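Accompanying notes for the structure given below.
Numbering (the working numbering), first residue to last: -14 to 653.
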């Protein structure tokens, strides 16, 4: 390549970046995934629109090999991310439905695609019919996990069963479709002979999952020691990725399968931070440069000017098979598992998205000579149509009001339909969560039935990553939050309590917490006092401070507190649950109601006295200012009908009727 060619390559790359960003932003503005605009950018500068006038000037033949090399690197990085973000936790608890939906959405379009391919083979003079027919079938069966996940995130569907089932089904679909495509590529590469080199894939897979995967887990420790993703850790990952791609090329499979498998063996448990940091690094190069170059290379090979009336008939049949087969198969799989009609339609619509994943598959078919230029062009149109139609069709079948109703119904099923005493815990990340959940379980005490609902409000990313990945960072964060809540719930369920889990994305945490309280009507809300002050709720605020040392008593601070009755209720409930002595700091002169409550507690066998203990205590106060400074409290927001006096019957009710440690009353 001459110096002049290098200059033209750099000019072409600059044009690629500008076009991709402009059309990607335009697509996003009209409610489409940015990938739609980027694919259109490649087609617009190709021969379809201006007959090669622009493409020949911007991308002359001399620089196209270099562009193709960059495009292949972008393709490898993309497939690595697809494999990396396939997470079995997406399928957990939904295996039967996900497999059913995925099987229907793969088998029906696969069968219809093979039938259509047998007809197309004669019209396009195909000599190797078997790989051609299998390839067309596989191309019809694929789902674009990246586009589906982005739609689920943008529309808040992660909080619905529709979103969870769609993600789980697409994850299973990806494994099936890419496995099928690997077989098709092996058959196509065999040139009519037996694909013996597929046998070499067996030791390769054993080595990757049996040897490489355990070694990669050491990267988590290296990353944690450094506190960030270091260049050395990233270099190890990139070298392993490239070697895996080289291995699959050697055994006769395409490099994209090596990238996909390497992503699949990357560590997941405890590696959420590593995964997010890798995405941040890859976005800088992959999204801005390498993937747009891939779109340009694909677009330069799309020539719609050759599509005549006869080809339009083929295109119509391709669209009918792709859309109808995928929709009917996924819909039937969902309905067989008693998913509602609209919800099943929404899942089927989401499974019909193809996007960049389809372009990747079609490019492989073109490189192997399985597809000719005209078929490639028509299949690219199919990929665009199925991706563009997903958003509007989903809004019609499953409008936002229906999604919000499903969300509210799911959250109500977790809280409002629960019998007995109810505690709602807004569990933060980190070690604080365990203490809050333990406190909530203590408040429930021996009460049965009782519910401790764990919730996490996950904020949307301020600037979400645009990398063509399956799970966006928002969804990765949600996935991690659900896993943490599940672990916390297990310890509470051991105490015989009902523990539903609610997690939702949020732009306004205070408003969303108020909505959860409205829907669930809990007796007590437990939140962390760290950061911003607690949101205003129509309930009584009580703060609890867990000291860093061993707790030997419970101290209730009621001096001047308007919520003295509720403070005493909470402090007594915790003291009984933890078998601790109760001390009451009521100021110089304890109110008559407080001393009467202490006598009543003592009479029922609960050690209670006025004063301050000489051991470390768990402090309960109605005013956060009454707590010991230097530590953050947990706030209990308690429903109560009386704040200023201690009803005579509450102590007896608390001690002798453990089924109701805190009595539900009217909201103040």
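Where a beta carbon is used, it is the ideal one built from N, C-alpha and C, also for glycine.
Computed from a predicted model, the values in this text were never measured in an experiment.
(1) So, at 6 Å on beta carbons, what are the nonlocal neighbours of residue 541 in its own chain, with the 5 sequence-adjacent residues on each side left out?
(2) Once the 5 residues before and after residue 210 are set aside, which same chain residues still bring their CB inside 8 Å of it?
(3) Let me know the secondary structure DSSP gives residue 479 once reduced to three states.
(4) State the Cα-Cα distance for the pair residue 66 and residue 291, rounded to the nearest angstrom.
(5) Whole angstroms are fine: how far does the CA of residue 135 sit from the CA of residue 591?
(6) If you draw a straight line from the alpha carbon of residue 535 to that of residue 603, how long is it in whole angstroms?
(7) How would you write the range of the beta strand (DSSP E) that residue 513 sits in, first residue to last?
(8) Can you give me the Cβ contacts of residue 109 inside the same chain, cut-off strictly under 8 Å, excluding the 5 residues immediately before and after it?
(9) Rounded to the nearest angstrom, what separates residue 5 and residue 99 at their Cα positions?
(10) Rounded to the nearest angstrom, how far is the Cβ of residue 315 from that of residue 333, given a contact under 8 Å?
(11) How many angstroms separate the CA atom of residue 438 from the CA atom of residue -6?
(12) Have a look at 127, 422 and 219 and flag the residue whose alpha-carbon is nearest the alpha-carbon of residue 346.
(13) Between residue 337 and residue 235, what straight-line distance do the alpha-carbon atoms span, to the nearest angstrom?
(14) Among 121, 233 and 51, which has the Cα closest to the Cα of residue -8?
(15) Do the CB positions of residue 131 and residue 342 come within less than 8 Å of each other?
(16) Can you name the start and end residues of the alpha helix (DSSP H) that residue 348 belongs to?
(17) Report all residues from its chain with a CB closer than 7 Å to the CB of residue 166; omit the five preceding and five following residues, and keep chain order.
(18) Alpha carbon to alpha carbon, how far is residue 12 from residue 386? Give it in angstroms, no decimals.
(19) Alpha carbon to alpha carbon, how far is residue 303 from residue 105? Give it in angstroms, no decimals.
(20) I'd like to know whether the C-beta atoms of residue 284 and residue 31 end up nearer to each other than 8 Å.
(21) Taking the C-alpha atoms as reference points, what is the distance between residue 373 and residue 502?
(22) Assuming residue 236 is part of the beta strand (DSSP E), what are its boundary residues?
(23) From what residue to what residue does the beta strand (DSSP E) around residue 12 run?
(24) Compare the C-alpha of residue 142 against each of 101, -11, 380 and 499 and name the closest.
(25) At the level of alpha carbons, what is the spacing between residue 320 and residue 490?
(26) Nearest by alpha-carbon distance to residue 116: which of 14, 376 and 168 is it?
(27) If we count the other Cβ atoms within 10 Å of its Cβ and call it buried at 16 or more, is residue 184 buried or exposed?
(28) Buried or exposed for residue 164, going by 16 or more other Cβ atoms inside 10 Å?
(29) What is the DSSP secondary structure of residue 655, counted as helix, strand or coil?
(30) For residue -2, count neighbouring Cβ atoms within 10 angstroms of its own Cβ and tell me buried if that reaches 16, exposed if not.
(31) For residue 19 and residue 429, what's the separation of their Cα atoms in angstroms?
(32) Would you decide whether residue 208 is buried or exposed? Buried here means 16 or more other CB atoms lie within 10 Å of its CB.
(33) Taking the alpha-carbon positions, what's the residue 87 to residue 264 distance?
(34) Would you call the CB atoms of residue 83 and residue 157 closer than 8 Å?
(35) What residue does the beta strand (DSSP E) around residue 542 start on, and which one ends it?
(36) How many Å lie between residue 418 and residue 576 at the Cα?
Here's the rundown:
(1) Taken in chain order, the residues that qualify are 552, 553, 556, 569 and 605.
(2) So the list is empty, once near-sequence residues are dropped.
(3) coil
(4) 35 Å
(5) Straight-line Cα distance between these residues: approximately 55 Å.
(6) Rounded to whole angstroms, residue 535 to residue 603 spans 9 Å at the Cα level.
(7) 509 to 513
(8) 357, 359 and 360
(9) Spanning the two alpha carbons is a distance of roughly 34 Å.
(10) Between residue 333 and residue 315 the Cβ distance is about 4 Å, and since that is below 8 Å, they are a contact.
(11) About 58 Å.
(12) 127
(13) 34 Å
(14) 51
(15) yes
(16) 340 to 352
(17) 123 and 346
(18) 24 Å
(19) 10 Å
(20) yes
(21) The straight-line gap from Cα to Cα measures roughly 38 Å.
(22) No beta strand (DSSP E) holds residue 236; DSSP gives it neither H nor E.
(23) Careful: residue 12 lies outside any beta strand (DSSP E), inside the alpha helix (DSSP H) at -12 to 14.
(24) 380
(25) 28 Å
(26) 168
(27) exposed
(28) exposed
(29) It is not possible to answer for residue 655, since the shown part of the chain is limited to -14 through 653.
(30) Buried, by the Cβ-count rule.
(31) 49 Å
(32) buried
(33) 27 Å
(34) yes
(35) 538 to 542
(36) The alpha-carbon separation between residue 418 and residue 576 amounts to approximately 35 Å.
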